Amino acid sequence: MLNGAYSGRREHYLDLFADEEAQRGQYKEKMRCFLTLEEVVERLREQPSIHEYITSIEEFEEPIGPLSVLNVFAKSRCFVILQTASYWWSLERRDDVIVVQRSQNFSSVHSRCKGAYRNYRWLIESAPSARRFMRCHSGPKLSEVFSAMLRDHVFDPKDCASSPWEFSDYVFHLCLYDGNSRLMYSEGS
1 MLNGAYSGRR
11 EHYLDLFADE
21 EAQRGQYKEK
31 MRCFLTLEEV
41 VERLREQPSI
51 HEYITSIEEF
61 EEPIGPLSVL
71 NVFAKSRCFV
81 ILQTASYWWS
91 LERRDDVIVV
101 QRSQNFSSVH
111 SRCKGAYRNY
121 RWLIESAPSA
131 RRFMRCHSGP
141 KLSEVFSAML
151 RDHVFDPKDC
161 ASSPWEFSDY
171 VFHLCLYDGN
181 SRLMYSEGS
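So, in C-alpha cells, the structure goes:
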C-alpha cells in the first residue's frame, strides 16, 4: 500500500476507538494515537471495516482561534465525516497532521477531535456547522479512499495542498466518482 512513497518520521493521528471519551486525567491515552504513516497503514490493514462501502459523506466547518467561538467571521477549518455500514469515520488535516477517527456514534467524531471537544460558535451553534452532504448509492470503499490518499501523497504536506479546506474538498470529490451520488445540500443553496 505504501510503495516506498514516504520517508522520515512524520506522525499522523489515528483513533479507531473514538467512542471512548478521553476522561479527566486520561488524555495521555489518546496521545498513543500519534503514529507514523507506516503504522497508520498497518493498523488500517488490520481492520475489516475499511473494506465497507461509503454510504454518505458530510462536510463540516469548525472555527479556529482563541476568540473564534464568539466571532461569526472567525477563520475556520473543514473536516469530513464518512459513513459506512458499521462506523462513522472523520478525516481532516490539522496543520501537517492527517487525523482519522472511527466511531460507532456520529457524535463521537462530529463533536470531538483527538479526544477533546471541537470548537463551535456557541452563541449561534450547538456543534460544528454542516456545509454539504451527499448520499453515496454505490460509493467507493473506504480502502479505495485511503489508497488514493497514499497514491496522491496526501499524507505528505509538501506534495499536496495542506489547507484543511482543500483536503476536505479532495476527500469529498473522491466519493463523487461513481456518478450515482447526489449532493443533498450545499452551503449557500
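Counting from 1, one number per residue, gives the positions in the sequence shown under UniProt numbering. Using N, Cα and C, we set each Cβ at its ideal position, and we do this for glycine too. All figures in this text were calculated on a predicted structure; none of them were measured in a lab.
Contact under 8 Å by Cβ, residue i with residue j
i	j	result
Glu58	Ala130	yes
Arg102	Tyr87	yes
Val154	Val80	no
Ala18	Thr55	no
Reference residue i; option with closest CA among the options
i	options	result
Asp156	Val99, Phe79, Asn119	Val99
Lys114	Ile54, Glu52, Arg94, His137	Arg94
Leu82	Glu46, Trp165, Val145, Arg32	Val145
Ser143	Glu52, Ser163, Cys78, Asp169	Glu52
Ile50	Asp169, Leu150, Lys141, His173	Lys141
His173	Ser163, Gly139, Arg151, Leu150	Gly139
Cys33	Val97, Ser76, Lys75	Val97
Pro128	Glu46, Phe167, Lys75, Leu35	Lys75
Ser168	Leu35, Glu92, Gln104	Glu92
Arg132	Gln104, Asn105, Trp165, Leu150	Trp165
Ser163	Ser107, Arg77, Ser108, Phe106	Arg77
Thr36	Arg10, Met134, Phe106	Arg10
Glu20	Glu46, Arg135, Arg151, Ser107	Ser107
Simplified DSSP assignment, three categories, for residue i
i	result
Val40	helix
Gly4	For Gly4, the predicted structure reports a pLDDT of 44, less than 50, and the residue's modelled location is therefore unreliable. The matter cannot be settled from this model.
Phe60	strand
Arg10	coil
Asp169	helix
Ala130	strand
Val145	helix
Leu150	helix
Leu176	coil
Phe106	helix
Arg94	strand
Residue burial classification, residue i (beta-carbon count within 10 angstroms, cutoff 16)
i	result
Ser90	buried
Pro63	buried
His137	exposed
residue 266	Only positions 1 to 189 of the chain appear in the structure, and residue 266 is not among them; the question remains open.
Cys175	buried
Pro48	exposed
Glu61	buried
Arg112	buried
*Hey, is the region 11 to 21 in contact with the region 37 to 44, meaning 3+ C-beta pairs nearer than 8 Å?*
Contact between the region 11 to 21 and the region 37 to 44 is established, with three or more Cβ pairs separated by less than 8 Å.
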